[in-house]
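What follows is a single structure, written as structure tokens, with notes after it.
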Amino acid sequence: MTTTPTPAAAKKAAPKKISNDLVANNPFVEFVKLYKNNPVLFVREVLNTEPDQWQIEFLNHIAQGNRRISVRSGHGVGKSTAASWAMIWYLFLRFPVKVVVTAPTSSQLYDALFAEVKRWVKVLPPMLAEQLDVKQDRIEVIGANEEAFISARTSRAEQPEALQGVHSDHVMLVGDEASGIPEKVFEAASGSMSGHNAVTLLLGNPVRSSGFFYDTHNRLAGDWVTMKVSCADSPRVSAAYIE
Numbered sequence: 000m001t002t003t004p005t006p007a008a009a010k011k012a013a014p015k016k017i018s019n020d021l022v023a024n025n026p027f028v029e030f031v032k033l034y035k036n037n038p039v040l041f042v043r044e045v046l047n048t049e050p051d052q053w054q055i056e057f058l059n060h061i062a063q064g065n066r067r068i069s070v071r072s073g074h075g076v077g078k079s080t081a082a083s084w085a086m087i088w089y090l091f092l093r094f095p096v097k098v099v100v101t102a103p104t105s106s107q108l109y110d111a112l113f114a115e116v117k118r119w120v121k122v123l124p125p126m127l128a129e130q131l132d133v134k135q136d137r138i139e140v141i142g143a144n145e146e147a148f149i150s151a152r153t154s155r156a157e158q159p160e161a162l163q164g165v166h167s168d169h170v171m172l173v174g175d176e177a178s179g180i181p182e183k184v185f186e187a188a189s190g191s192m193s194g195h196n197a198v199t200l201l202l203g204n205p206v207r208s209s210g211f212f213y214d215t216h217n218r219l220a221g222d223w224v225t226m227k228v229s230c231a232d233s234p235r236v237s238a239a240y241i242e
């Protein structure tokens with residue numbers, strides 16, 4: 000029985016010279032060509048859903064090569080959804096690739112963002128979904144489990160290594176509920192954030208007037224692409240909730 004290679008595995012295993020027939024018969028060559036630099040099209044055609052306007056802007060910031068993106072928002076605007084789309088797109092369209100997602104508590108991490116990632120993995124076409132091994136705290140590309148994965152790690156002040164030591168040709172670090180992530184975690188993550196292809200996404204409600212997340216929208220705003228998403232501007236949030 001033969002299996003269809005993943006986009007990542009196809010890149011890894013490809014010989015230096017590839018025949019035109021092999022390229023023509025490999026569906027992932029066209030897949031990579033079509034979606035590598037277009038996460039919005041990936042969301043629309045692969046995940047079969049339409050992103051909100053702010054989510055389009057968010058995804059395009061990543062596609063344009065912005066390496067530090069910080070989003071402050073109200074509740075329920077779809078930031079976990081947008082981050083999930085970004086992670087799944089990045090996992091399939093980069094190799095080798097390590098995506099690490101963190102939040103201040105295990106409930107915030109596993110019941111919110113990582114659960115949302117798993118929800119969208121289930122939406123993937125079978126040809127893509129079957130390339131992934133979904134575990135409790137990791138999603139791995141089968142056949143490249145140490146080179147291509149999404150890993151969930153809780154951030155704790157007493158164990159600040161959640162985002163530390165993440166090195167690969169392509170790295171994505173995602174901090175959810177970022178205002179509550181301890182300063183020591185960001186300090187430890189500085190090495191992981193330094194690579195030329197390292198992308199850092201911070202998302203959260205602006206509930207604190209100090210800390211690293213606050214600084215990305217103020218003192219450090221010149222180094223970050225910042226976005227402000229109001230509940231009043233989101234079609235996902237009811238008028239009754241806003242009131």
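Taking numbering that gives the first Met the number 0, I'd label the letters of the sequence shown as residues 0 to 242. Heads up, the beta-carbon is just placed ideally off N, CA and C, and yes, glycines get one too.
At the level of alpha carbons, what is the spacing between Leu33 and Ile241? Indexing the sequence shown from 1 puts residue 33 at position 34. Indexing the sequence shown from 1 puts residue 241 at position 242. So the two alpha carbons sit approximately 39 Å from each other.
Measure the C-alpha to C-alpha separation of Ala197 and Arg66 and round it to an integer number of angstroms. Against the sequence shown, residue 197 aligns to sequence position 198. Against the sequence shown, residue 66 aligns to sequence position 67. Going by the C-alpha atoms only, they are around 6 Å apart.
According to DSSP, Thr104 sits in a beta bridge with which residue or residues? Taking the sequence shown and counting its residues from 1, the one referred to as residue 104 is at position 105. Within the DSSP secondary-structure output, Thr104 pairs in no beta bridge.
Tell me whether Asp110 is buried or exposed, calling it buried when 16 or more other Cβ atoms sit within 10 Å of its Cβ. Counting from 1 along the sequence shown, the entry for residue 110 is found at position 111. Exposed: under 16 other Cβ atoms inside 10 Å.
Sort Gly164, Ser209, Val28, Leu200 by Cα distance to Ala85 and report the nearest one. Within the sequence shown, residue 85 is the residue found at index 86, counting from 1. Closest option to Ala85, Cα to Cα, is Leu200.
Going by C-alpha distance, which of Thr153, Ala188, Ala114, Lys97 is nearest Glu139? The sequence position of residue 139 within the sequence shown is 140, counting from 1. Comparing Cα-Cα distances from Glu139 to each of Thr153, Ala188, Ala114, Lys97, the minimum goes to Lys97.
Within the continuous alpha helix (DSSP H) that includes Thr215, where are the two ends? For the purposes of this step, residue 215 is taken as the residue at position 216 of the sequence shown. Counting along the chain, Thr215 sits inside the alpha helix (DSSP H) bounded by residues 211 to 215.
Same chain only: Cβ atoms within 8 Å of Leu245, ignoring 5 sequence neighbours per side: Since the first residue shown for the chain is 0 and the last is 242, residue 245 is missing from the structure and cannot be characterised.
With a CB to CB cut of under 6 Å and the five nearest residues on each side skipped, what residues in its chain are close to Asp132? Counting from 1 along the sequence shown, the entry for residue 132 is found at position 133. Excluding sequence neighbours, Asp132 sits near Glu139, Ile141.
Between Gln63 and Ala238, what straight-line distance do the alpha-carbon atoms span, to the nearest angstrom? Stepping through the sequence shown from its first residue, residue 63 is reached at position 64. Stepping through the sequence shown from its first residue, residue 238 is reached at position 239. The alpha-carbon atoms of Gln63 and Ala238 are separated by roughly 34 Å.
Just to check my reading of the structure: Arg152 and Val99 have Cβ atoms closer than 8 Å, yes? What is that Cβ distance to the nearest angstrom? Reading the sequence shown from its first residue, position 153 is the one you call residue 152. Reading the sequence shown from its first residue, position 100 is the one you call residue 99. Yes, Arg152 and Val99 are in contact; Cβ-Cβ is about 6 Å, under 8 Å.
Does the beta-carbon of Ser83 have 16 or more other beta-carbons within 10 angstroms, so that it is buried, or is it exposed? The residue labelled residue 83 in the question sits at position 84 within the sequence shown. By the 10 Å Cβ count, Ser83 comes out buried.
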